[in-house]
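Read through the structure below, which is laid out as structure tokens, and then see the notes.
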Amino acid sequence: MVLSPYILAMQELFRANTHSREFPTHGAKVHSVAWSCCGHHLASGSFDKTASVFVLEKDCLVKENNYRGHGDSVDRLCWHPSNPDLFVTASGDKIIHIWDVCTTKCIATVNTKGENINICWSPDGQTIAVGNKDDVVTFTDAKTHWSKAEEQFRFEMNEISWNNDNNMFFLTNGNGCINILSYPELKP
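For the sequence shown, my numbering gives the first residue as 9, with consecutive numbering after it.
Here it is, written out as structure tokens:
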């Protein structure tokens, strides 16, 4: 196929004026990325079963540490809403890990009932919600690491989140809808 001079000129224009840069960070595709609450650290989770934490220096990402411990890909991660040193990872290995960037250690491992596909931390930092491929959301106490509640949904659940007031919980579903539930009651 022969490209027109206009198409060739446009391709060159975009190539010359791109404002994105690629930084090799993992040995396989990256599934998740998130900034810490203070904006100092960027974490990424990968199919290579690791999470990495970076700082942005000038125009370059500098890796601070790699976090290993999952037996499957790190599909989602999120940071504590007010503690910039803590983040949590969710994996298909049915485990979530809570990590401390100061010690570079896993400070808690929580076994879950299914292959985890999404995770979020409540705005008050007290609860971690993790959703799995079986459309179950487990609410885990962030201090004791015990399950506070579990809810099975009868629809495909894709993403989860709290509102900033911590009194509503949101789920997106495979039917093109957003479900809004009261929290902690989990009632419509």
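Note that beta-carbon positions come from the ideal geometry of N, C-alpha and C, so glycine has one too.
Since this is a predicted model, take the numbers as computed values, not measurements.
Query raised in the report: Would DSSP call Arg84 helix, strand or coil?
Result: Here Arg84 sits in strand by DSSP.
Query - Three-state secondary structure (DSSP) of Ala150 - result: Coil.
Query raised in the report: What are the start and end residues of the alpha helix (DSSP H) that includes Leu21?
Result: Pro13 to Ala24 is the extent of the alpha helix (DSSP H) around Leu21.
Report task. Check the C-beta distance from Asp67 over to His34 and give it rounded, since I have them as a contact under 8 Å. Result -> At roughly 20 Å, the Cβ-Cβ gap does not stay under 8 Å, so Asp67 and His34 are not in contact.
Query raised in the report: Quick one, are the C-beta atoms of Val145 and Leu179 less than 9 Å apart?
Result: Contact check for Val145 against Leu179 passes: the beta carbons are separated by less than 9 Å.
Query raised in the report: How many angstroms separate the CA atom of Thr112 from the CA atom of Ala59?
Result: Roughly 11 Å separates the two Cα atoms.
Query - With 16 other Cβ atoms within 10 Å as the buried cut-off, status of Val118 - result: Buried, because 16 or more other Cβ atoms sit within 10 Å of the Cβ of Val118.
Query raised in the report: So is Ala36 buried or exposed if we call it buried at 16+ other beta carbons inside 10 Å?
Result: Exposed, by the Cβ-count rule.
Report task. Let me know the secondary structure DSSP gives Gly53 once reduced to three states. Result -> DSSP places Gly53 in strand when its eight states are reduced to three.
Query - Which residues DSSP lists as bridging Thr76, in chain order - result: This sequence places Arg at residue 76; Thr is not what is there. Arg76 pairs with Thr58.
Query - Candidates Pro32, Thr26 and Ser40, of which the one nearest Glu167 by Cα - result: In terms of Cα proximity to Glu167, the closest of Pro32, Thr26 and Ser40 is Ser40.
Query raised in the report: If Cys128 and Trp154 are in contact, beta carbons under 8 Å, what's the gap, nearest whole angstrom?
Result: That pair is no contact at about 18 Å.
Requested in this report: Indicate the three-state DSSP secondary structure (helix, strand or coil) for Ala36 in the structure shown.
Outcome: Ala36: coil per DSSP, three-state reduction.
**Report entry** Rounded C-alpha distance that separates Asp149 from Ala24
**Finding:** Each residue's alpha carbon lies about 50 Å from the other.
Query - Contacts around Asp143, its chain only, beta-carbon distance under 8 Å, and the 5 residues preceding and following it disregarded - result: Cβ neighbours of Asp143 beyond the five flanking positions: Gln160, Phe161, Arg162, Phe163, Glu164 and Met165.
Query raised in the report: How is Cys185 classed by DSSP in three states: helix, strand or coil?
Result: If DSSP states are grouped into helix, strand and coil, Cys185 belongs with coil.
Query raised in the report: Alpha carbon to alpha carbon, what distance is there between Gln134 and Val38?
Result: The alpha-carbon separation between Val38 and Gln134 amounts to approximately 28 Å.
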